[in-house]
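Undergrad: In terms of this note's numbering, the sequence shown opens at residue 1 and continues consecutively.
We treat Cβ as the ideally placed atom computed from N, Cα and C, and that holds for glycine.
Nothing here was measured: the structure is a model prediction, and the numbers come from that model.
Shown below is the structure under consideration.
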Amino acid sequence: MGEQATSLYAFIADRLDEEMRQQYGADGTCGAVHRYADRLRDAMAVHHAYVNARGAGQETAAARCLQERTERAACWPDHPEHPLRAAA
């Protein structure tokens, strides 16, 4: 479960970075950077909550965090690097 959670987090962070770079080039403003930072901060918070829950033996909370990450990664279902797609 831990390896899957980490791969999902890395996948999401990479996709957010790609989106920010595309949007920054399109609108030429810092708005894309701010949106990226907010979305990445949210992803990091879920990752930290997952790690803390696992460390405390709170498997239900950890599973909830993993599900949240899985749902977020679903924004890019056809991406060739999608960790759940590769696992299937």
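So, helix, strand or coil for residue 79, using DSSP?
TA: Within the sequence shown, numbered from 1, the residue matching residue 79 stands at position 79. Note: residue 79 maps to coil in three-state DSSP.
Undergrad: Express the C-alpha separation of residue 47 and residue 62 in angstroms, rounding to a whole number.
TA: Mapped onto the sequence shown, residue 62 falls at position 62. Mapped onto the sequence shown, residue 47 falls at position 47. Distance between the alpha carbons of residue 62 and residue 47 is about 9 angstroms.
Undergrad: Is residue 16 near the ligand FAD, in the sense that its beta carbon is under 7 angstroms from a heavy atom of that ligand?
TA: Annotation note on the ligand FAD: not contained in the displayed structure, which lists no ligands.
Undergrad: Do residue 10 and residue 20 come within 8 angstroms of each other at the CB atom, strictly closer than that value?
TA: For the purposes of this step, residue 20 is taken as the residue at position 20 of the sequence shown. For the purposes of this step, residue 10 is taken as the residue at position 10 of the sequence shown. Their beta carbons are not under 8 angstroms apart, which means residue 20 does not touch residue 10 by this criterion.
Undergrad: CB residue 13 to CB residue 43, shorter than 8 angstroms?
TA: The sequence position of residue 13 within the sequence shown is 13, counting from 1. The sequence position of residue 43 within the sequence shown is 43, counting from 1. Contact: yes.
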